[in-house]
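What follows is one structure encoded as structure tokens, with my remarks underneath.
Chains as they are written, first to last, in my numbering: chain A, 690 to 857; chain B, 690 to 857.
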């Protein structure tokens, strides 16, 4: 018994993206209850040169669908980064989940050693499939989901770690 | 070709813990250059009822070594939560890395379906090995490493996402 590349990718990304979407529901409810503009939250940055909340969600989505597409060797569809409100960000997540759920295990399984090349910090970088998924895509994905969570938490939204973990 | 449970655990936890340790070096250098007490950073919380920086590091360590120990079926050694300074927190990480590096692949491989039971939110919870590793231990581990990173970044420490990602 071992883990397949599909098992380690699609269901894991989808699970966390659903948790993230539910967290956005709580953020929206909080903002609406306090009559606060969504952009107070969605434009928030932890530091002037750090990306705002909207970009954290967009990059979380892009890292998950990019991982699936790169492993399968299909083109990554362009998603414009235009979301500002919680419902718009939730739609971005839903679109990402739908994209990921289209992949069949046969497209992903067996890609452990596949060379995955993409531009990172401006230059072509090549990883092997497993190294790409576990060593790059996972930490990058979790980085942005957690950062989005932390930004909401810091701004008073009533969420806890089990909202993040969901149902494993 | 597939991924073994060992490949998906020990080297991944160790890699991120080394990145985290290097981030603490940068935090210490920043604090020392500005003549700031380490505890200004290590006691920082994003919200009054959220755990402080020290606990983020401690729990990141505990989630990694707990995952290894639970999969292998060995006792989790007690580490007292007493660290306050960056060197103390780095020592906690080093102790955790040493613990993880003692595991042999044969202790971890084949645990995909093993029942892993532990107390979560006060009640016994059982996961299967792969579900435990990918669905609980990973997100929990990355949650705390990322939160520690965000706390430092928010407080001005000059770090970037590649400090977090390191060398996948």
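Virtual Cβ for every residue (Gly too), placed ideally from N, Cα, C.
For a Cβ distance threshold of 8 Å, residue set 691, 692, 693, 694, 697, 801, 819 and 823 of chain A lies close to residue 692 of chain B, ordered along the chain. For residue 735 of chain B, the C-beta contacts it makes with chain A under 8 Å involve 839, 842 and 843, in order along the chain.
The continuous beta strand (DSSP E) containing residue 817 of chain B extends over residues 812 to 817. Under the criterion of beta carbons closer than 8 Å, residue 705 of chain B and residue 760 of chain B do not qualify as touching, at roughly 17 Å.
A direct Cα-Cα distance of roughly 15 Å separates residue 707 of chain A from residue 752 of chain A. Contacts between residue 739 of chain A and chain B, judged by CB atoms closer than 7 Å, involve 842 in chain order. In this structure residue 766 of chain B is exposed. Its beta-carbon is surrounded by fewer than 16 other beta-carbon atoms within 10 angstroms. Under DSSP, residue 797 of chain B forms no beta bridge with any residue.
Look at residue 709 of chain B: its C-beta is not under 8 Å from any C-beta on chain A. The C-alpha of residue 853 of chain B is placed about 8 Å away from the C-alpha of residue 835 of chain B.
Assignment of residue 846 of chain A by DSSP, reduced to helix, strand and coil, places it in the coil class. The three-state secondary structure of residue 771 of chain A, taken from DSSP, is coil.
When the Cα atoms are used, residue 791 of chain A and residue 781 of chain A turn out to be separated by approximately 16 Å. In the three-state scheme derived from DSSP, where H, G and I count as helix and E and B as strand, residue 692 of chain B is classed as strand. Burial of residue 701 of chain A is indicated by the presence of at least 16 other C-beta atoms within 10 angstroms of its C-beta. Counting only Cβ-Cβ distances below 8 Å, residue 705 of chain A has contacts in chain B at 828, in chain order.
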